[in-house]
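In the numbering used here, the protein residues as written are 1 to 749.
All C-beta atoms in this analysis are idealised placements derived from N, C-alpha and C, irrespective of residue type, glycine included.
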């Protein structure tokens with residue numbers, strides 16, 4: 001999550017990186033034995049010169065520069081910022097959290113600045129964040145979660161302990177620093193975003209208790225801007241639809257994160273030891289993590305998501321304790337304006353987390369307002385794109401968000417449609433630049449939906465090649481005014497708006513097959529060495545019709561048709577097997593036969609039970625409706641994943657499948673194809689593991705008593721887009737294949 005190069009190349013680099021790291025650690029240990037003089041680990045320590053093994057675990061990290069103890073404490077007479085500095089923040093339980101502080105251009109000793117805070121288990125306190133990415137308006141603090149890097153304590157992924165540490169740093173440690181003006185914002189994408197979101201939840205938890213003032217009655221958290229989120233660690237990534245994914249979660253937990261932690265903290269370990277401070281290496285050596293990323297993690301079983309998941313395939317207490325949505329009710333109490341983002345094709349943290357969390361925050365805030373609290377500003381930005389590809393779309397909006405709510409910059413507040421926000425006591429004197437004054441295209445609106453963003457930012461890192469169209473603006477998600485339109489799956493393979501009449505059905509063998517080839521510029525990834533792997537090895541399965549899938553097609557559309565929101569597939573099915581995995585995929589088929597893969601949903605049939613209280617439904621008019629109301633249409637099913645119910649042969653079942661949110665415009669002459677199959681063995685970084693039950697024949701029923709269908713969020717507002725849509729493969733994250741490029745149904749030799 002949030003690494004600087006694709007997962008596959010991380011695998012190739014893990015072993016040599018580990019070997020070189022161990023060699024350096026050995027040399028550092030020798031240096032420590034020769035010089036064991038310790039300085040106060042709680043005070044900021046100057047960073048030594050950058051080593052040859054620079055941190056690379058965080059995409060935005062910069063190496064701390066050379067400085068001395070005397071020069072770091074002397075008053076600065078130039079506009080050049082001091083070099084980043086290493087420090088430790090002491091927690092209430094005695095744990096030392098490693099941080100690195102970097103200063104913006106224009107900082108002088110004695111001046112007071114607002115701060116941006118980010119915390120993760122990658123390079124954390126070993127790699128300084130770059131203030132120029134936030135227009136040199138903030139002091140940047142990068143921290144390692146406990147039990148990683150140079151931080152002491154026990155590592156526990158996405159834990160309440162991590163959020164407590166973050167809360168103490170935001171509300172106590174940062175405000176006490178001589179450079180701080182007391183205002184703090186939280187930032188982060190992917191792992192840092194998850195940690196930051198939970199930190200805000202923890203601060204809200206503390207502030208929600210009547211009469212309890214843990215931070216001296218002052219709330220220092222002023223704004224949050226995070227992305228790449230997972231709402232539920234179980235169903236949001238590790239067991240999507242109740243089906244185990246042993247691809248990205250396993251590779252990230254066992255290889256990517258530990259390797260990034262090792263290499264990203266190497267510089268701090270070396271430089272601290274050279275300065276006579278062995279505390280960093282000593283903390284690292286005491287971690288219950290393996291020093292080599294290919295050795296099994298030594299974290300206790302209860303604290304490891306992969307091991308824990310293999311012991312219990314149902315959602316239980318461990319998953320709840322390590323998921324953002326468990327603590328979501330506390331977030332509005334933080335009174336910190338929340339900005340989140342979601343890429344529809346996110347191949348790492350998934351395509352739904354940000355949308356789910358935003359929607360829940362929206363509902364909870366409305367409840368607090370009804371009880372007399374002031375409204376909480378919140379915003380959601382949607383766009384097509386992969387995990388790391390959409391920065392140019394949402395970063396200008398995040399800049400305005402932080403500049404307004406943390407700094408009180410008038411022009412940023414005006415751009416957000418929030419001119420009533422009182423300016424902070426830190427006065428904005430920064431130069432006007434495009435990156436800091438980009439006018440928000442949807443002032444005052446809560447939801448921004450971008451369509452047809454093109455470019456290759458993930459591969460090039462150059463935002464100048466990005467094409468970002470004006471967004472659709474709205475006040476809520478799903479969008480008010482959505483026309484929920486049901487298309488029925490007919491026995492002749494058509495997809496129409498008419499309820500099927502005569503009894504009919506279609507069958508397929510539910511067996512997992514290998515991936516199809518599908519070349520395209522958006523499949524190349526960042527590392528050129530991965531082009532072959534991404535293009536030829538990690539495409540999704542079943543882009544060609546075959547015996548292992550069913551496809552249903554609409555007629556070609558005669559005008560632009562816009563979808564924006566969650567999607568639900570309602571299948572009536574039988575199976576010859578006691579359990580079966582369903583994979584529903586939406587595809588845009590162009591006039592030439594080019595297929596653009598838009599979105600998917602999946603579900604293990606034994607987890608088909610639906611919690612109507614947690615699900616979302618609408619009336620025939622599109623207004624929100626309790627799911628227990630007769631005639632209500634379910635738009636977002638909620639499956640508890642706590643118990644299983646096996647299938648009986650021949651008996652028919654209704655299976656409600658959550659298809660993840662999507663924003664898309666079908667151009668004239670294009671049609672929608674819905675495919676149904678078993679989940680692909682490989683789909684980008686995911687690897688869904690089939691049920692151990694025997695392979696079966698699944699039958700999709702299509703008649704008046706069993707009206708299999710898909711419910712789509714149609715919009716009357718057409719986005720402001722060019723007359724001609726992007727070429728096949730040009731949209732960020734949207735994979736595309738042409739008939740000539742489509743391989744056999746299995747994709748195997």
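Per the Cβ contact rule, the segment 359–366 is in contact with the segment 329–338 (3 or more Cβ pairs under 8 Å).
In the DSSP assignment, the residues bridged to residue 658 are 568. Annotation: residue 620 is outside any alpha helix (DSSP H) and is labelled neither H nor E by DSSP.
In the DSSP assignment, residue 343 forms a beta bridge with 383. Ranked by how close their Cα comes to the Cα of residue 616, the residues 714, 606 and 639 have 639 in first place. In the three-state reduction of the DSSP assignment, residue 696 falls in the strand class, which pools E and B. By the neighbour-count definition (other C-beta atoms within 10 Å, threshold 16), residue 384 is a buried residue.
If you draw a 10 Å sphere on the C-beta of residue 490, you find 16 or more other C-beta atoms in it, and that means buried. If the five residues before and after residue 393 are omitted, its C-beta is found closer than 6 Å to the C-beta atoms of 383, 450, 453 and 468, all from its own chain and listed in chain order. With a threshold of 16 other beta carbon atoms within 10 Å, residue 718 falls short and is exposed. For the pair residue 606 and residue 633, the CB atoms are not nearer than the 8 Å cut-off. Closest in alpha carbon position to residue 705, among 86, 500 and 667, is 500. Taking residue 234 as the centre and dropping the five residues before and after it, the same chain places the C-beta of 315 and 319 closer than 6 Å to its C-beta, in chain order.
In the DSSP annotation of this structure, residue 634 is not part of any alpha helix (DSSP H); the continuous beta strand (DSSP E) holding it starts and ends at 633–636. Take the alpha-carbon of residue 727 and the one of residue 559: they are about 18 Å apart. The Cβ atoms of residue 735 and residue 557 lie no closer than 8 Å to each other. Partner residues in the beta bridge of residue 96, as assigned by DSSP, are 90. Around residue 444, the same chain offers 417 as residues with beta carbons nearer than 6 Å, after the five sequence neighbours per side are excluded. Fully enclosed alpha helix (DSSP H) runs of no fewer than 4 residues occupy 160–168 and 191–208 of the segment 156–243, in order along the chain. The continuous beta strand (DSSP E) containing residue 143 extends over residues 139–144.
By the C-beta density criterion, residue 483 is exposed, having fewer than 16 other C-beta atoms within 10 angstroms. Bridge partners of residue 467 according to DSSP: 454. Of the other Cβ atoms in all chains shown, fewer than 16 fall within 10 Å of the Cβ of residue 286; this residue is therefore exposed. When the five nearest sequence neighbours on each side are left out, the beta carbons in the same chain lying within less than 6 Å of the beta carbon of residue 390 are those of 343 and 383, in order along the chain. Of the candidates 708, 87 and 576, the residue whose Cα lies closest to the Cα of residue 504 is 708.
By the Cβ rule, the segment 649–667 counts as touching the segment 559–578, because three or more pairs are nearer than 8 Å. Using a C-beta cut-off of 8 Å, the segment 395–403 makes no contact with the segment 346–359, since fewer than three inter-stretch Cβ pairs fall below that distance. Here the C-alpha atom of residue 737 lies approximately 25 Å from the C-alpha atom of residue 462.
For residue 394, no pairing in a beta bridge is given by DSSP. Of the residues assessed, residue 667 falls on the buried side of the cut-off, its CB having 16 or more other CB atoms within 10 angstroms. Burial state of residue 654 is exposed, judged by a 10 Å Cβ sphere holding fewer than 16 other Cβ atoms. In this structure residue 569 is in contact with residue 710, their Cβ atoms being roughly 5 Å apart against a cut-off of 8 Å. Residue 605 carries a helical assignment under DSSP once its states are collapsed to helix, strand and coil. Around the C-beta of residue 218, fewer than 16 other C-beta atoms lie within 10 Å, and the residue is accordingly described as exposed.
In this structure, the beta-carbon distance from residue 230 to residue 124 does not fall below 8 Å.
Residue 685 and residue 552 have their alpha carbons spaced roughly 27 Å apart.
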